[in-house]
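The block underneath contains the structure these notes are about, expressed in structure tokens.
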Amino acid sequence: MTNRKYKPGKIRERNSENILAAAEQEFVLHGFKGTSMQAVADRAGVAKANIHYYFKNKDNLYLALLENIIANWNEVLADMSEESDPADVLSRFIRTKIRLSYTHPNASKIFAMEIIQGAPYLKSHISQAMRQWVKDKSTIIQSWIDQGKIRAIDPTHLIFLIWSATQHYADFDTQVLEVTNKRQYEEDDIEHIGDFLEDIILTGCGLKPPPKVNLP
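Just so you know, we're using the UniProt record's numbering here: the sequence shown kicks off at 1 and counts up by one.
Below is the structure:
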């Protein structure tokens with residue numbers, strides 16, 4: 001039998017992910033004030049001391065979770081450039097965000113609750129890292145406009161539109177499901193929502209939706 005050896009970095013990453021997943025469940029159920037480090041430890045199946053080893057306190061854990069949520073959303077545009085095909089980039093952005101709203105709805109809800117409360121923990125991140133991220137992506141979109149690749153639209157509000165349209169299906173899932181008389185989203189629903197948003201948004205940008213590509 002071969003003994004599996006894990007590198008310290010991999011073990012730390014795996015443990016952090018386990019803790020963040022447990023924290024996501026607790027924060028969405030009980031909010032920041034109602035969540036305790038002990039409850040997160042119990043859900044993660046680890047000792048409370050282990051939580052403090054990775055995250056100094058509840059504030060630190062909550063902020064790490066929020067930043068991890070944003071990083072997961074932004075990853076899809078990491079390779080976006082002035083040379084990119086706008087239709088491919090925007091389609092991937094829309095469909096990935098819809099997919100994440102389906103697979104990780106709690107993440108979107110936690111982020112929404114933070115923003116609704118005035119972003120007490122994220123305000124610094126929003127005014128610095130997020131502001132710069134939006135500025136960088138908007139500059140690329142403006143370059144597409146200048147190259148004649150897409151219609152002259154407002155780049156920043158295009159990003160806002162995609163954020164809001166895709167996250168709606170997670171943040172307001174109860175409303176959407178009740179109105180459409182469904183108990184939960186099915187795979188066909190996610191495909192249909194993706195098709196609809198892609199068609200509306202890309203057509204508005206003067207683009208033709210690209211051939212479908214299955215997302216991981």
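We put the beta carbon where it would ideally sit given N, CA and C, even for glycine.
Asked                                                                                                                           : Found
Any 3 or more C-beta pairs closer than 8 Å across the region 41-52 and the region 18-29                                         : yes
Where residue 151 falls: helix, strand or coil (DSSP)                                                                           : coil
Coil, strand or helix - residue 174 by DSSP                                                                                     : helix
Unbroken alpha helix (DSSP H) run spanning residue 56, endpoints                                                                : Careful: residue 56 lies outside any alpha helix (DSSP H) and carries neither H nor E.
Assumed close pair residue 80, residue 140 - CB separation to whole angstroms, cut-off 8 Å                                      : 6 Å
Alpha-carbon spacing of residue 35 relative to residue 208, whole angstroms                                                     : 46 Å
Helix, strand or coil at residue 37 according to DSSP, with G and I counted as helix                                            : helix
Proximity of residue 27 and residue 110 at Cβ, strictly below 7 Å                                                               : yes
Integer Cβ distance of residue 156 from residue 138, believed to fall under 8 Å                                                 : 5 Å
Contacting residues, own chain, Cβ-Cβ under 8 Å from residue 46 (five flanking each side not counted)                           : 15, 18 and 19
Where residue 124 sits in the DSSP three-state scheme                                                                           : helix
Distance, residue 131 Cα to residue 118 Cα                                                                                      : 16 Å
Rounded Cβ spacing between residue 198 and residue 94 (contact assumed at less than 8 Å)                                        : 5 Å
Distance, residue 122 Cα to residue 65 Cα                                                                                       : 11 Å
C-alpha distance - residue 40 paired with residue 57, whole-angstrom precision                                                  : 12 Å
Beta-carbon contacts of residue 1 that lie in its chain and below 8 Å, excluding the five residues immediately before and after : Low confidence applies to residue 1: its pLDDT is 38, below 50, so where it sits in the model is not reliable enough to give any reading.
Inter-residue spacing [alpha-carbon to alpha-carbon] between residue 6 and residue 13                                           : With a pLDDT of only 43 at residue 6, under 50, the local geometry of the prediction cannot be trusted, and the value read off the model is given with reservation. Rounded to the nearest angstrom, the two C-alpha atoms are 11 Å apart.
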